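Colleague: Residue numbering for the sequence shown follows the numbering used here, starting at 1076 and increasing by one per position. My questions all concern the structure below.
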Amino acid sequence: MSTSIRHYLQFSDFSADEYAYLLKRAAILKRKFKAYEKYHPLSDRTLAMIFEKASTRTRVSFEAGMYQLGGSVVHLTTGDSQLGRSEPIEDTARVISRMVDIVMIRTFEQARIETFAKHSRVSVINGLTNEYHPCQILADIFTFIEHRGSIEGKTVTWIGDGNNMANTWAQAAALLGFELRVSSPRGYEVDAALAAVDGGRRWKDFDDPMKACEGADLVTTDVWTSMGYEAENEKRRQAFANWCVDARMMGVAKPEALFMHCLPAHRGEEVTPEVIDGPQSVVWDEAENRMHVQKALMEYLLIGKQDGD
Ligand code: CP
Ligand code: NVA
């Protein structure tokens, strides 16, 4: 255990300067990838990925990204490791971090990844917890910048559940200086204890999702029922019925507004097919960009800032 190891457990773990570097670096790594340029700075380095919840994008983007950087990957799930037979997370952290160079975890409570990190000899990355999804918001901001330039001063509207994505957007707004509007049904609002940065509350709550979308540069949403909350599915379907991003909502946003969704999506619930499959949607770029930003993140955590392109 060491206090000097950098972990990426929530968006506020990095500074605005570090984000400026990572976002630039991700663009360089993306260009190299598109040009089939071999770049193996992480040869002999191993990433362990631990999944306690399902995943498509997170798994593929971390795994492919690590191989592209010359490293290798070990993939574990609760079901195929001793975690599923109640081995303490502390012991798991002590053991795995003696054999690999970096760890990515997708799990339930944030406290669980924090406990792992506390007992890890190597950097730990949050690949989604109930509370946060920092890698996804990093990809979303990178995607916004690719399409529209700097996000500073822009208006981002979150429609729906005050969940891990919304909490992370709120932290990002505080760090990177954009306006965040959140419209959620009563009882599903963002929790200030999770979303504020240094006690600062940068988002504005809106009862009316249409009002929240007015003049927005980006409208974004997520499933009504996140992983781990399946027992609330029916109750949530009723509560969220008016929080479906549709053409009316996109129609009051700026004409050049983008639509994002971290995926997987439920067409006809949180978003209509015409919006997610329409011209303002950048969801496929958003998914691909997970890999590019995470490559920059792993490179940074393992070998620090890199010059050159
Ligand atoms: N957006 C996202 O994290 O997708 P997966 O659940 O497929 O990893
Ligand atoms: N909020 C969703 C995101 C999935 C990538 C969940 O936690 O299930």
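From the three backbone atoms N, C-alpha and C, an ideal C-beta is built for every residue, glycine too. Every value quoted in this text rests on a predicted model; they were computed, and no experiment measured them.
(1) Extract the residue ranges of the beta strand (DSSP E) inside the segment 1151-1193, only unbroken runs of 3 or more that lie entirely within it.
(2) Tell me, which residues are paired with threonine 1243 by DSSP?
(3) Return the CA-CA distance between methionine 1141 and phenylalanine 1126, expressed in angstroms with no decimal places.
(4) Whole angstroms is fine: what's the gap from glycine 1145's alpha carbon to arginine 1120's?
(5) Evaluate the contact criterion for the segment 1214-1227 versus the segment 1256-1265: three or more CB pairs, one atom per stretch, below 8 Å.
(6) In whole angstroms, what is the alpha-carbon distance linking leucine 1293 and leucine 1098?
(7) Under 6 Å: does the beta carbon of leucine 1338 sit that close to some heavy atom of the ligand CP?
(8) Measure the Cβ-Cβ separation of isoleucine 1080 and leucine 1122 and say whether it is below 7 Å.
(9) Thinking C-beta only, is arginine 1276 closer than 7 Å to alanine 1267?
(10) By alpha-carbon positions, which one of Gly1353, Gly1159, His1194 ends up nearest to arginine 1173?
(11) So leucine 1117 is in the beta strand (DSSP E); what residue range does that whole segment cover?
(12) Taking a contact to mean a Cβ-Cβ separation below 7 Å, would you say aspartate 1215 touches methionine 1335 in this structure?
(13) Kindly identify the DSSP beta-bridge partner or partners of arginine 1256.
(14) Sorted by chain position, which residues of the same chain lie with C-beta nearer than 7 Å to arginine 1311's C-beta, five sequence neighbours on each side aside?
(15) Is any non-hydrogen atom of the ligand NVA found closer than 6 Å to the C-beta of asparagine 1238, if you look at the structure I gave you?
(16) Could you spell out the range, first to last residue, of the alpha helix (DSSP H) harbouring valine 1298?
(17) Could you compute how far the alpha carbon of isoleucine 1171 sits from the alpha carbon of glutamate 1363?
(18) Determine the extent of the alpha helix (DSSP H) in which asparagine 1308 is found, giving its start and end residues.
(19) Can you tell me where the beta strand (DSSP E) with serine 1198 in it begins and where it stops?
(20) Would methionine 1366 and serine 1136 qualify as a contact pair, given that the criterion is a beta-carbon distance under 7 Å?
(21) Do glutamine 1143 and the ligand CP come close, with the Cβ less than 6 Å from some heavy atom?
(22) Hey, is glutamine 1211 close to the ligand CP, as in C-beta under 6 Å from one of its heavy atoms?
(23) Exposed or buried, what is arginine 1132 when buried is set at 16 or more other beta-carbons lying within 10 Å of its beta-carbon?
(24) Report whether the distance from the Cβ of serine 1301 to the nearest heavy atom of the ligand FMN is below 6 Å.
(25) What does the Cβ neighbour count give for arginine 1160, buried or exposed, with the cut at 16 atoms within 10 Å?
(26) Keeping to the same chain, check which residues put their C-beta closer than 6 Å to that of phenylalanine 1281; ignore five residues upstream and five downstream.
(27) Going straight from the alpha carbon of histidine 1150 to that of isoleucine 1164, what length do you get?
(28) Among the residues of its own chain, which have a CB less than 7 Å from the CB of glutamine 1369, if the five just before and after it don't count?
(29) From the DSSP output, which residues share a beta bridge with alanine 1123?
(30) Provide the residue span of the alpha helix (DSSP H) that contains histidine 1367, from first to last.
(31) Can you give me the C-alpha to C-alpha distance between tyrosine 1094 and leucine 1269, rounded to a whole angstrom?
Modeller: Concretely, from the data shown:
(1) 1177-1181
(2) If you number the sequence shown from 1, residue 1243 lands on position 168. Looking at the DSSP assignment, threonine 1243 forms no beta bridge with any residue, so it has no partner.
(3) Walking along the sequence shown from the start, residue 1141 turns up at place 66. Walking along the sequence shown from the start, residue 1126 turns up at place 51. When only Cα atoms are considered, methionine 1141 and phenylalanine 1126 end up about 16 Å apart.
(4) By 1-based counting over the sequence shown, the position of residue 1145 is 70. By 1-based counting over the sequence shown, the position of residue 1120 is 45. So the alpha carbons of these two residues sit roughly 8 Å apart.
(5) Three or more beta-carbon pairs separated by less than 8 Å are not found between the segment 1214-1227 and the segment 1256-1265, which leaves the two stretches without contact.
(6) Numbered from 1 along the sequence shown, position 218 holds the residue referred to as residue 1293. Numbered from 1 along the sequence shown, position 23 holds the residue referred to as residue 1098. Taking the straight line from one Cα to the other gives about 18 Å.
(7) By one-based count along the sequence shown, residue 1338 stands at place 263. Yes, the Cβ of leucine 1338 comes within 6 Å of a heavy atom of the ligand CP.
(8) If you number the sequence shown from 1, residue 1080 lands on position 5. If you number the sequence shown from 1, residue 1122 lands on position 47. No, these two residues do not count as a Cβ contact at 7 Å.
(9) Translated into the one-based positions of the sequence shown, residue 1267 becomes position 192. Translated into the one-based positions of the sequence shown, residue 1276 becomes position 201. Yes, these two residues count as a Cβ contact at 7 Å.
(10) Position 98 of the sequence shown, counting from 1, holds the residue named residue 1173. For the residues Gly1353, Gly1159, His1194, the minimum Cα distance to arginine 1173 belongs to His1194.
(11) In the sequence shown, residue 1117 corresponds to position 42, counting from 1. From DSSP, leucine 1117 is part of no beta strand (DSSP E); its letter is neither H nor E.
(12) Within the sequence shown, the letter at position 140 stands for residue 1215. Within the sequence shown, the letter at position 260 stands for residue 1335. Yes. Within cutoff.
(13) Taking the first residue of the sequence shown as position 1, residue 1256 is located at position 181. BP columns for arginine 1256 point to Thr1232, Lys1279.
(14) Within the sequence shown, numbered from 1, the residue matching residue 1311 stands at position 236. So the qualifying residues of the chain are Trp1299, Thr1300.
(15) Counted from its first residue, the sequence shown places residue 1238 at position 163. Indeed, a heavy atom of the ligand NVA lies less than 6 Å from the Cβ.
(16) In the sequence shown, the residue the question calls residue 1298 occupies position 223. Segment: none, valine 1298 is in no alpha helix (DSSP H) and carries neither H nor E.
(17) On the sequence shown, position 96 is the one that residue 1171 refers to. On the sequence shown, position 288 is the one that residue 1363 refers to. For isoleucine 1171 and glutamate 1363, the distance between alpha carbons rounds to 28 Å.
(18) By 1-based counting over the sequence shown, the position of residue 1308 is 233. 1308-1314 is the span of the alpha helix (DSSP H), which, as asked, contains asparagine 1308.
(19) Position 123 of the sequence shown, counted from the first residue, corresponds to residue 1198. First-last of the beta strand (DSSP E) with serine 1198: 1198-1201.
(20) If you number the sequence shown from 1, residue 1366 lands on position 291. If you number the sequence shown from 1, residue 1136 lands on position 61. Closer than 7 Å, so yes.
(21) Position 68 of the sequence shown, counted from the first residue, corresponds to residue 1143. No.
(22) Stepping through the sequence shown from its first residue, residue 1211 is reached at position 136. Yes.
(23) Residue mapping note: residue 1132 aligns to position 57 of the sequence shown, counting from 1. Classification for arginine 1132: buried.
(24) This structure lacks the ligand FMN; the ligands present are the ligand CP and the ligand NVA.
(25) As a first step, residue 1160 must be located in the sequence shown, where it is residue number 85. Answer is exposed; the Cβ neighbour count stays below 16.
(26) Here residue 1281 refers to the residue found at position 206 of the sequence shown. Result list for phenylalanine 1281: Arg1256, Ser1258, Ala1287, in chain order.
(27) The residue given as residue 1150 occupies position 75 in the sequence shown. The residue given as residue 1164 occupies position 89 in the sequence shown. Answer to the nearest angstrom: the Cα atoms are 16 Å apart.
(28) Here residue 1369 refers to the residue found at position 294 when the sequence shown is read from its first residue. For glutamine 1369, where only same-chain residues beyond five positions count, the Cβ hits under 7 Å are Ser1136, Phe1137, Gly1140, Cys1210.
(29) Working through the sequence shown from its first residue, we reach residue 1123 at position 48. Per DSSP, Val1149, Val1178.
(30) What you label residue 1367 is simply residue 292 of the sequence shown in a count that begins at 1. Here the alpha helix (DSSP H) through histidine 1367 covers 1358-1378.
(31) Start at 1 with the first residue of the sequence shown, and residue 1094 comes out as number 19. Start at 1 with the first residue of the sequence shown, and residue 1269 comes out as number 194. Taking the straight line joining both Cα atoms gives about 20 Å.
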